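These notes concern the structure reproduced below.
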Amino acid sequence: MNKQEIENYRKAGKIAKEAVKFAREIIKKDSNLLEIAEKIEKKIEELGGKCAFPVNLSINEIAAHYTPSSNDEKKAEGLLKIDIGIHIQGYIADTAFSLDLENLEENKKLIEACELALQEAIKTAKKDVRISEIGKSIHKKITEAGFSPIRNLSGHQLGNYLIHAGLTIPNYDNNNPVKLEEGAYAIEPFATTGEGVVRDGAKSGIYRLEERKAIRDNLAREILNFIEKEYKTLPFCERWIVKKFSSRALMSLRLMEQAGIISQYSQLVEKSGKKVSQAEHTILVSDKIEVTTN
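According to the working numbering, the stretch in the sequence shown is residues 13 to 306, in order.
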């Protein structure tokens with residue numbers, strides 16, 4: 013990482029901290045999820061950043077990949093995960109936290125387990141440490157609290173305009189001998205009262221660009237050009253496209269998906285239907301560890 017890249021990562025992290033602080037202030041039980049997401053995303057822009065992905069607002073057994081649709085009426089409730097990504101010229105800060113909106117002791121303990129696991133993982137992380145050691149530290153803290161880590165979700169290396177780049181950081185000891193190398197990483201433990209495995213659920217309305225192909229629909233071609241320019245390889249969502257092009261864009265998105273130009277992420281749901289908590293920070297690894305989002 014050169015000096016400018018590091019500075020961009022730091023700036024994104026600083027905005028992420030402010031966005032988290034803002035989110036904590038505005039989210040209340042029964043708040044409309046669409047309003048929450050739009051307010052956070054607007055705040056990110058006001059602070060000089062861009063969204064690296066749509067704000068995720070995942071409730072209870074949904075571990076990740078729930079973002080409100082353009083006409084969403086769902087309310088904030090239960091155990092809510094707030095996952096926020098910011099980028100500066102493609103250099104990303106990825107951070108998440110969980111809120112207990114029903115004042116349940118179990119929710120509070122799940123949240124604490126994730127936060128402690130994240131702290132321990134950051135302490136363990138250093139250049140040339142085995143990534144399995146980081147996973148081991150996460151697993152230990154979560155299981156000590158009486159819960160299970162989500163084994164098929166992981167932290168990840170970050171690249172320029174890439175959310176998932178290169179190495180993954182497991183949430184358990186997977187015996188992987190690969191060592192942590194210099195770069196930017198998101199570490200994100202998930203804890204659950206369930207089996208510790210997620211499955212694909214309903215479609216999320218979050219998309220990624222797969223490849224440019226010819227398509228006859230004029231609006232679809234216009235949307236494709238916009239996606240390539242505005243989001244490049246980063247995820248985007250239905251409501252962003254509708255906001256830009258109106259509800260006429262919904263049919264164009266379907267045509268683009270059918271043609272294999274874009275694909276849609278699935279919501280990730282705990283297999284046994286049990287609640288999930290999440291905590292996440294972004295770190296820079298060099299001769300030292302720097303947490304950009306804390």
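In this text, a Cβ means the ideal position worked out from N, Cα and C, and glycines have one as well.
Note that this is a predicted model, so its numbers are computed, not measured.
Starting from residue i, follow the beta strand (DSSP E) in both directions and report where the run begins and ends.
i, result
"G90", "It is not in any beta strand (DSSP E) - G90 carries neither H nor E in the DSSP assignment."
"H293", "293 to 297"
"V32", "First-last for V32: 15 to 38, but that is the alpha helix (DSSP H), not the beta strand (DSSP E)."
"K215", "210 to 221"
"I162", "Here I162 belongs to no beta strand (DSSP E), and DSSP marks it neither H nor E."
"H168", "167 to 170"
"I71", "62 to 71"
"S289", "288 to 290"
"T204", "202 to 204"
"I74", "74 to 76"
"V303", "301 to 303"
Under three-state DSSP, which class holds residue i?
i, result
"F109", "strand"
"E195", "According to the sequence shown, residue 195 is Gly rather than Glu. Of the three classes helix, strand and coil, the one that applies to G195 here is strand, per DSSP."
"R260", "coil"
"L280", "strand"
"A125", "helix"
"N309", "There is no way to answer for residue 309, as the model of the chain reaches only from 13 to 306."
"K139", "coil"
"L179", "coil"
"I134", "helix"
"A232", "helix"
"I253", "helix"
To the nearest angstrom, report how far apart residue i and residue j are at their CA atoms.
i, j, result
"I239", "R251", "13 angstroms"
"P182", "K23", "27 angstroms"
"A1", "M13", "One cannot answer for residue 1 here, as it falls past the ends of the chain, which runs 13 to 306."
"S298", "Y21", "13 angstroms"
"M263", "P247", "19 angstroms"
"G171", "H99", "11 angstroms"
"H293", "A133", "10 angstroms"
"K15", "E194", "14 angstroms"
"L46", "E53", "11 angstroms"
"T205", "A226", "47 angstroms"
"E89", "L113", "5 angstroms"
"A29", "V67", "According to the sequence shown, residue 29 is Lys rather than Ala. Distance between the alpha carbons of K29 and V67 is about 14 angstroms."
"N83", "L192", "42 angstroms"
"K135", "I150", "11 angstroms"
"L280", "S70", "9 angstroms"
"N44", "P189", "45 angstroms"
"S216", "R224", "22 angstroms"
"V288", "V141", "28 angstroms"
"L2", "E17", "Outside the shown range of the chain, which is 13 to 306, sits residue 2, and nothing can be said about it."
"D185", "K41", "36 angstroms"
For the alpha helix (DSSP H) that residue i lies in, which residues bound it at each end?
i, result
"Y243", "Per DSSP, Y243 belongs to no alpha helix (DSSP H) and is neither H nor E."
"S144", "143 to 156"
"E47", "45 to 58"
Verify whether the separation of the beta carbon atoms of residue i and residue j is less than 8 angstroms.
i, j, result
"A10", "F257", "The requested residue 10 is not part of the displayed model; the chain covers only 13 to 306."
"E200", "A137", "no"
"T180", "S166", "yes"
"Q276", "E282", "no"
"I273", "I253", "no"
"H168", "Y197", "yes"
"C249", "T79", "yes"
"I104", "A64", "yes"
"Y173", "G102", "yes"
"S278", "G178", "no"
"V32", "I123", "no"
"A157", "K120", "no"
My assumption, with CB atoms under 8 angstroms, is that residue i sits in contact with residue j. Please give the rounded CB distance.
i, j, result
"E73", "G285", "5 angstroms"
"H148", "L128", "Here the sequence assigns Lys to residue 148, which means His is not the residue at that position. Incorrect: roughly 14 angstroms between the Cβ atoms, too far for contact."
"V209", "N237", "About 39 angstroms; that fails the 8 angstroms criterion."
"S160", "N187", "Actually they are not in contact, since the Cβ atoms of S160 and N187 sit about 18 angstroms apart, beyond 8 angstroms."
"L296", "T305", "At roughly 10 angstroms, the Cβ-Cβ gap does not stay under 8 angstroms, so L296 and T305 are not in contact."
"I38", "K51", "6 angstroms"
Quick one: is the Cβ of residue i within less than 7 angstroms of any heavy atom of the ligand NAD?
i, result
"I27", "Among the components of this structure there are no ligands whatsoever, and the ligand NAD is therefore not found."
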